[in-house]
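Numbers in our numbering are just positions in the sequence shown, counted from 1, shifted up by 95.
What follows is a single structure, written as structure tokens, with notes after it.
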Amino acid sequence: MTRRFDSVVIGAGQAGPPMAGRLAAAGQKVALIERNLVGGTCVNDGCTPTKTLIASAYAAHLARRAADFGVAAGPVGVDFRAVMARKNAVVDNSRSSLESWLEGMANCTLIRAHARFLSPTTLQVGEDVLEAERFFINVGCRAVVPDFPGIDRVRTLTNTSLLELDALPRRLVVVGGSYVGLEFAQMFRRFGAEVVIVEKAPRLTSREDEEVSEAIREILEAEGVEIRCGAECIRFAPHGADIAVGVDCTSGEPEVVGSHVLLAVGRRPNTDDLGLDAAGVRTDARGFIEVDDDLRTNVPHIWALGDCNGRGAFTHTSYNDFEIAAANLLDGAARKVSDRIPAYALYTDPPLGRVGLTEAGAKAKGRSVRIGRRPMTRVGRAVEKGETRGFIKVVVDRKTDAILGAAILGVGGDEAIHGVIEAMAAGVAASAYARVMAIHPTVSELVPTTFGELSL
Ligand SMILES: Cc1cc2nc3c(=O)[nH]c(=O)nc-3n(C[C@H](O)[C@H](O)[C@H](O)COP(=O)(O)OP(=O)(O)OC[C@H]3O[C@@H](n4cnc5c(N)ncnc54)[C@H](O)[C@@H]3O)c2cc1C
Numbered sequence: 096m097t098r099r100f101d102s103v104v105i106g107a108g109q110a111g112p113p114m115a116g117r118l119a120a121a122g123q124k125v126a127l128i129e130r131n132l133v134g135g136t137c138v139n140d141g142c143t144p145t146k147t148l149i150a151s152a153y154a155a156h157l158a159r160r161a162a163d164f165g166v167a168a169g170p171v172g173v174d175f176r177a178v179m180a181r182k183n184a185v186v187d188n189s190r191s192s193l194e195s196w197l198e199g200m201a202n203c204t205l206i207r208a209h210a211r212f213l214s215p216t217t218l219q220v221g222e223d224v225l226e227a228e229r230f231f232i233n234v235g236c237r238a239v240v241p242d243f244p245g246i247d248r249v250r251t252l253t254n255t256s257l258l259e260l261d262a263l264p265r266r267l268v269v270v271g272g273s274y275v276g277l278e279f280a281q282m283f284r285r286f287g288a289e290v291v292i293v294e295k296a297p298r299l300t301s302r303e304d305e306e307v308s309e310a311i312r313e314i315l316e317a318e319g320v321e322i323r324c325g326a327e328c329i330r331f332a333p334h335g336a337d338i339a340v341g342v343d344c345t346s347g348e349p350e351v352v353g354s355h356v357l358l359a360v361g362r363r364p365n366t367d368d369l370g371l372d373a374a375g376v377r378t379d380a381r382g383f384i385e386v387d388d389d390l391r392t393n394v395p396h397i398w399a400l401g402d403c404n405g406r407g408a409f410t411h412t413s414y415n416d417f418e419i420a421a422a423n424l425l426d427g428a429a430r431k432v433s434d435r436i437p438a439y440a441l442y443t444d445p446p447l448g449r450v451g452l453t454e455a456g457a458k459a460k461g462r463s464v465r466i467g468r469r470p471m472t473r474v475g476r477a478v479e480k481g482e483t484r485g486f487i488k489v490v491v492d493r494k495t496d497a498i499l500g501a502a503i504l505g506v507g508g509d510e511a512i513h514g515v516i517e518a519m520a521a522g523v524a525a526s527a528y529a530r531v532m533a534i535h536p537t538v539s540e541l542v543p544t545t546f547g548e549l550s551l
């Protein structure tokens with residue numbers, strides 16, 4: 096059967112549902128297609144479950160440190176099933192609220208099936224063919240499972256399957272020392288597992304400045320996480336009931352053994368089974384859909400929003416894609432994706448809040464910079480909370496006084512960074528930021544101070 100719609104949205108992740116909502120509210124007849132779980136990665140196997148688990152891991156960590164605060168507590172135990180049940184409840188609640196909103200939405204039909212283009216104006220969706228004037232692709236990404244030697248001989252986990260475990264791994268090997276891997280590594284260590292991180296690059300989070308990577312390494316090692324960087328030749332083999340992971344490091348044992356292995360080595364777009372050739376939509380060599388500043392593909396009535404366009408890899412970038420596309424299409428705005436300032440957080444404890452350029456990134460662009468730094472040991476709120484690991488670092492253009500970027504690795508860093516994000520968005524100069532009166536005692540109050548103490 097052929098069904099006609101004004102607009103079809105493919106994928107109910109972070110951009111698809113609000114896009115469907117705006118289009119439907121504007122009076123269009125809309126179809127929203129989802130082949131798996133409504134809410135996509137963030138709700139089901141990304142942000143929501145991991146941040147919920149991280150909260151449990153933090154509670155366990157703080158309970159173990161109770162004596163540091165003068166609090167008497169008995170031995171700390173972690174009930175992994177209860178931890179996972181709490182996570183499932185938060186995820187289920189989030190997904191079902193979204194589901195109820197979408198199912199009750201006037202002018203919008205939620206269709207649960209896989210979508211594949213047959214032509215630039217038609218889609219195969221289950222048994223039906225859908226025809227529309229406009230299409231919005233929001234198909235997201237999935238975990239990469241590389242063709243490592245021996246991978247077919249062992250059982251490995253991704254962020255999706257790890258979140259379905261019902262028993263705590265005895266010894267978890269996390270392959271990949273970037274954002275996803277580090278969050279899982281620290282939380283599982285805090286739940287009581289032995290954890291080893293195996294990273295190919297010479298250091299963790301290699302996109303950050305070296306001092307940030309080094310501080311994160313120290314934080315994790317202090318909690319007993321083993322870290323093996325420079326793992327040039329990762330390979331797998333069964334080792335009794337366990338799994339041996341070859342690391343080929345220049346020093347130390349040539350392999351590590353774990354009861355479980357998590358692969359956290361990157362994400363690839365879900366564009367390989369979407370029939371993009373039939374629609375004439377161009378992708379880059381890695382399968383990301385090419386878009387212009389308006390988030391339109393090379394086919395003018397087809398947009399690509401969220402992770403699948405390679406212009407962001409976060410929930411907030413996906414949602415911002417929706418805001419830009421909707422404003423331009425429905426409100427006559429002229430917003431551009433290139434206007435946004437990169438910002439994100441790594442939810443280790445303490446977290447890393449980041450915005451704009453790193454020091455190394457600014458220098459690589461030929462900028463002459465001044466740097467402000469303050470250790471968390473000199474942030475009153477952090478001292479009072481007994482959480483003094485990390486530092487504040489700001490990067491300022493020497494010639495123009497423009498704020499180029501910042502990193503706040505420390506307690507509350509994921510929140511405190513927002514002052515800098517908003518200042519950069521508003522074009523506030525570093526010297527003006529330095530004069531802001533902030534609330535005492537907060538982590539944020541020392542950010543203006545850091546801008547006032549730049550290197551010469
Ligand atoms: C472990 C982990 C933790 C994360 N934590 C954070 C965090 O703390 N903060 C943050 O900002 N980001 C985080 N992210 C990233 C974040 O989850 C993603 O950036 C975000 O979900 C992207 O949203 P999206 O809308 O582009 O795609 P998705 O949320 O992936 O949604 C895409 C949807 O499209 C559907 N789909 C795909 N192909 C088809 C098809 N052919 N037909 C029909 N439906 C289809 C999928 O089933 C899916 O539901 C995390 C990711 C991971 C893996």
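Backbone N, C-alpha and C define an ideal beta-carbon position, used for all residues, glycine too.
A quick note: this is a predicted structure, and the numbers were derived from the prediction, not measured.
Determine the contact status of P445 and G505, defining contact as a CB-CB distance below 8 Å. Between P445 and G505, the gap from beta carbon to beta carbon is short of 8 Å.
Determine the extent of the beta strand (DSSP E) in which T544 is found, giving its start and end residues. Here T544 belongs to no beta strand (DSSP E); instead the alpha helix (DSSP H) covers L541 to F546.
Among I246, A420, T495 and V464, which has the Cα closest to the Cα of K431? The shortest Cα separation from K431 among I246, A420, T495 and V464 belongs to A420.
By DSSP's criteria, E289 is part of a beta bridge. Which residues make up the other side? Answer is R266.
What does the Cβ neighbour count give for S189, buried or exposed, with the cut at 16 atoms within 10 Å? Using a 10 angstroms sphere on the CB of S189, the tally of other CB atoms reaches 16 or more, which defines it as buried.
Taking only three categories from DSSP, how would you classify T378? Three-state result, T378: strand.
Sort V275, R284 and F283 by Cα distance to E294 and report the nearest one. Per the Cα distances, V275.
Under 8 Å between the Cβ atoms of P364 and D402? Taking the C-beta atoms as reference points, D402 is found nearer than 8 Å to P364.
Using only the alpha-carbon positions, how far apart do V104 and D387 sit? Note on geometry: alpha-carbon atoms of V104 and D387 lie some 18 Å from one another.
Taking buried to mean at least 16 other C-beta atoms within 10 Å of its own C-beta, is L89 buried or exposed? What the structure shows of the chain is the stretch from 96 to 551, and residue 89 is not part of that stretch, so it cannot be assessed.
From the DSSP output, which residues share a beta bridge with Y439? In the DSSP output, where bridge partners are listed per residue, Y439 has R449.
Any heavy atom of ligand 1 inside 7 Å of the beta-carbon of C142? Checking every heavy atom of ligand 1 against the Cβ of C142, one is found closer than 7 Å.
Where does R406 land, buried or exposed, given buried means 16+ other C-beta within 10 angstroms? It is buried - the Cβ of R406 has at least 16 other Cβ atoms within 10 Å.
Which two residues bound the contiguous alpha helix (DSSP H) that contains G135? Counting along the chain, the alpha helix (DSSP H) containing G135 begins and ends at G135 to D140.
Simplified DSSP state of F283, which is helix, strand or coil: If DSSP states are grouped into helix, strand and coil, F283 belongs with the helices.
What three-state label does DSSP hand T69 in the structure shown? In the structure as shown, the chain begins at 96 and stops at 551. Residue 69 is therefore absent and cannot be evaluated.
Answer with buried or exposed for G514, where buried requires no fewer than 16 other C-beta atoms within 10 angstroms of its C-beta. With 16 or more Cβ atoms within 10 Å of its Cβ, G514 is classed as buried.
Relative to ligand 1, is the shortest distance from any of its heavy atoms to the C-beta of I128 smaller than 7 Å? Relative to ligand 1, the nearest heavy atom lies less than 7 Å away from the CB of I128.
C-beta atoms of A93 and V125 nearer than 8 Å: As shown, the chain starts at 96 and ends at 551. That puts residue 93 outside it, with no answer to give.
Beta-carbon proximity list for G235, same chain, < 7 Å, skipping 5 on both sides: Setting aside the 5 residues that flank it on each side, G235 is surrounded in the same chain by G106, G108, G135, T136, N365, G401, D402 and C403, each with a C-beta closer than 7 Å to its C-beta; the list follows chain order.
Beta-carbon within less than 6 Å of R229's beta-carbon, same chain only, minus the 5 sequence neighbours each way: which residues are those? Cβ neighbours of R229 beyond the five flanking positions: S102 and H396.
To the nearest angstrom, report how far apart R484 and A262 are at their CA atoms. So the two alpha carbons sit approximately 31 Å from each other.
Top-ranked residue by Cα proximity to K494, from L369, E479 and A524: If we check each option's Cα against that of K494, A524 comes out closest.
Taking 8 Å as the cut-off, decide whether the C-beta atoms of E318 and Q281 are in contact. In this structure, Q281 lies closer than 8 Å to E318 by Cβ.
Is the separation between the beta-carbon of V291 and that of V268 shorter than 8 Å? Contact flag set, yes.
What are the boundary residues of the alpha helix (DSSP H) that includes T255? First-last of the alpha helix (DSSP H) with T255: N254 to L257.
Start and end residues, alpha helix (DSSP H) containing V421: Correcting the residue type first, residue 421 is Ala in the shown sequence and not Val. First-last of the alpha helix (DSSP H) with A421: T410 to L425.
Is A399 closer than 8 Å to K392 when the C-beta atoms are compared? Note that residue 392 is Thr in the sequence shown here, rather than Lys. In terms of Cβ geometry, T392 and A399 form a close pair [threshold 8 Å].
Are T472 and D304 close, meaning C-beta to C-beta below 8 Å? 8 Å or more divides the Cβ of T472 from the Cβ of D304.
Which of the three DSSP states is assigned to D387 in this structure? Looking at D387 - three-state DSSP - the assignment turns out to be coil, as it is neither helix nor strand.
At a cut-off of 7 Å, is F331 close to ligand 1 when judged by its beta-carbon and the heavy atoms of the ligand? Not under cutoff, so the answer is no.
Counting only the same chain and skipping the five closest in sequence on each side, list residues whose C-beta sits under 6 Å from that of R449. Once the five neighbours on either side are set aside, the close Cβ partners of R449 are Y439 and A502.
From the DSSP output, in three-state form, read off V360 for me. Correct three-state label for V360: coil.
Taking 7 Å as the cut-off, is the C-beta of C137 nearer than that to any heavy atom in ligand 1? C137: yes, Cβ under 7 Å from ligand 1.
P170 (DSSP reduced to helix, strand or coil): Here P170 sits in coil by DSSP.
Name the two residues that bound the continuous beta strand (DSSP E) containing A107. For A107, there is no enclosing beta strand (DSSP E), since its DSSP letter is neither H nor E.
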